[in-house]
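For my numbering, count along the sequence shown from 1 and bump the result up by 150.
Backbone N, C-alpha and C fix where the C-beta goes; we use that ideal spot for every residue, glycine too.
So the structure is just underneath, and the comments pick up after that.
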Amino acid sequence: MTGAPVGDFVYAQVASALDTSHWSSFAAFRHSLETAVSIADTYLIAVEAAKEIGASRTAKLHDLLMARPMGEQMLRYSATWGSGSMANAPAVPEPVKAIILSRLMTARRVEDFRNTEWLKTIFAVQGWPKRSEVGDDAARQAWLLVQHADADPAFQLRVLRAKEPLVPSGEVSKGDYA
151 MTGAPVGDFV YAQVASALDT SHWSSFAAFR HSLETAVSIA DTYLIAVEAA
201 KEIGASRTAK LHDLLMARPM GEQMLRYSAT WGSGSMANAP AVPEPVKAII
251 LSRLMTARRV EDFRNTEWLK TIFAVQGWPK RSEVGDDAAR QAWLLVQHAD
301 ADPAFQLRVL RAKEPLVPSG EVSKGDYA
């Protein structure tokens, strides 16, 4: 996982720790792991491909904001593996599913970190992206990235404070601010 400090990656691993009661032996765990890794890694390859395909081909902030959440949204969808939007995911035994989800949720936390760091640079240079500057859709995507910046609540608070004076003029959605 490049792009995230070691401490954040370790945190992500611990936060996604597996419940070991799924396995009666190390051999059973290893069998589940062998099955799960190929499935999880295939999904992660698809996430990277989707990010590349959907990446902005321009330097316009609107386009960058629209493209940025692709990976984290795909990783969030994976949390419903086997149901809902992921109903067509491969059916796997519960212990295999636990490993797949642990791997994908770790990747999601790293993706959230990367997105937060990216948005922090935008915010530091120009402040909060206003609706009149980037459009409603891109402003909503920026807010989505902030919502998923849970590892940096100080940044979330700075954004909230920066958005407050922009609400009366309509530069920030009242719903997003709320």
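Through-space distance from residue j to residue i, alpha-carbon basis
i, j, result
"W173", "V242", "15 Å"
"V284", "L316", "14 Å"
"M236", "R311", "36 Å"
"P318", "W231", "41 Å"
"M201", "A292", "First, the residue type needs correcting, since residue 201 is Lys and not Met in the sequence shown. Looking at the two C-alpha atoms, the distance is approximately 16 Å."
"R225", "E314", "Correcting the residue identity first, residue 225 is Leu in this sequence and not Arg. So the alpha carbons of these two residues sit roughly 30 Å apart."
"E244", "T208", "43 Å"
"S206", "A274", "21 Å"
"A229", "D191", "15 Å"
"Q297", "L307", "11 Å"
"F176", "S252", "18 Å"
"V309", "A199", "30 Å"
"P303", "E267", "13 Å"
"F179", "S171", "10 Å"
"H181", "Y227", "26 Å"
For residue i, the nearest candidate out of the options (CA to CA)
i, options, result
"D287", "D262, E321, R259", "E321"
"L168", "L194, S228, L254", "L254"
"F305", "S323, N265, K324", "N265"
"I203", "F273, V260, G221, F176", "G221"
"Q223", "A177, A196, E244, K210", "A196"
"S260", "A328, A190, A299", "A small fix is needed here, since residue 260 is Val in this sequence, not Ser. Residue A299 is the option with its Cα nearest to V260."
"K210", "A199, S228, Y227, I272", "I272"
Whole-number beta carbon distance between residue j and residue i, since they are thought to touch under 8 Å
i, j, result
"D326", "A301", "Contact flag wrong, Cβ pair sits at about 20 Å."
"L269", "P219", "Not quite, the Cβ-Cβ distance comes to about 10 Å (not below 8 Å), so this is no contact."
"A257", "L194", "6 Å"
"A289", "S233", "In fact, because the Cβ distance is near 32 Å, the residues do not count as touching under 8 Å."
Near the ligand COA: residue i beta-carbon under 6 Å from a heavy atom
i, result
"A248", "Although the ligand COA was asked about, the structure shown includes no ligands whatsoever."
C-beta neighbour in chain C for residue i, strict 7 Å
i, result
"P243", "Looking at the structure shown, chain C is missing, and only one protein chain is on hand."
**Study point:** Sufficient close CB pairs (3 or more, under 8 Å) joining the segment 233-252 to the segment 183-197
**Key:** Because the criterion of three Cβ pairs below 8 Å is met, the segment 233-252 and the segment 183-197 touch.
Review point. Which ranges does the beta strand (DSSP E) cover as unbroken runs of at least 3 residues, wholly within the segment 216-273, from first to last along the chain?
Key: DSSP runs (the beta strand (DSSP E)) wholly in the segment 216-273: none.
**Study point:** Validate contact between the segment 197-215 and the segment 267-286 using beta carbons, cut 8 Å, 3 pairs
**Key:** Touching, per the Cβ criterion.
Practice item. Go through the segment 175-224 residue by residue and report every complete run of the alpha helix (DSSP H) that reaches 4 residues or more, in order. Key: Listed in chain order, the complete alpha helix (DSSP H) runs (minimum 4 residues) inside the segment 175-224 are 176-204, 211-217.
Check your understanding: Hey, which unbroken runs of the alpha helix (DSSP H) at 4 residues or more fall wholly within the segment 277-323?
Key -> Counting only runs of 4+ residues, the alpha helix (DSSP H) found wholly inside the segment 277-323 occupies 281-284, 286-297, 303-313, in chain order.
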